[in-house]
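*Asks:* Take this structure, written in structure tokens, and hold onto it; I'll ask about it next.
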Amino acid sequence: MTDPDKVENRYRSALHAATPGAQTQASWAGSAFTSVLSALAHEAWVSTTADAFSQQCTDMQTKAAGAGGDCVGEMTSRYSREPAKVEPTDYRATWY
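Note that the working numbering has the sequence shown beginning at 306, numbered continuously upward.
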């Protein structure tokens, strides 16, 4: 049963609308180092310093992909915990 006095939870709607963009950004973050790593793999720079740099890029790519995925996961989780309707005086009713 719905309460006719409640209104749309605009915060929940905003989370839903922002999720596809966040998914795209998370994907880009996970592949941000691909060009550099490809160049290094094709011997664009060969030295022990290049090896260390390549390892750091690989580590950062892994961390960026994880952070992006975590962000999208939290947004999705938060969306699922939010009620569809809230009191008109609730801050989520006027979220923008």
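In this text, a Cβ means the ideal position worked out from N, Cα and C, and glycines have one as well.
In the structure shown, what three-state DSSP assignment does V351 receive?
*Replies:* Working through the sequence shown from its first residue, we reach residue 351 at position 46. Three-state DSSP puts V351 in coil, outside helix and strand.
*Asks:* Between Y316 and the rest of its own chain, which residues show a CB-CB distance below 6 Å, the 5 nearest in sequence each way excluded?
*Replies:* Along the sequence shown, one-based indexing puts residue 316 at 11. Counting only Cβ-Cβ distances below 6 Å, and skipping sequence neighbours, we find R397 and W400.
*Asks:* CA-CA distance, G335 and D356?
*Replies:* Counting from 1 along the sequence shown, the entry for residue 335 is found at position 30. Counting from 1 along the sequence shown, the entry for residue 356 is found at position 51. Taking the straight line from one Cα to the other gives about 20 Å.
*Asks:* With the cut-off set at 7 Å, would you say V377 and Q328 are in Cβ contact?
*Replies:* Residue mapping note: residue 377 aligns to position 72 of the sequence shown, counting from 1. Residue mapping note: residue 328 aligns to position 23 of the sequence shown, counting from 1. Going by C-beta atoms, V377 is nearer than 7 Å to Q328.
*Asks:* With a threshold of 8 Å, are at least 3 pairs of Cβ atoms found where one atom belongs to the segment 331-347 and the other to the segment 360-378?
*Replies:* yes
*Asks:* Between L320 and R383, is the Cβ-Cβ spacing less than 7 Å?
*Replies:* Against the sequence shown, residue 320 aligns to sequence position 15. Against the sequence shown, residue 383 aligns to sequence position 78. For L320 and R383, yes; Cβs fall inside 7 Å.
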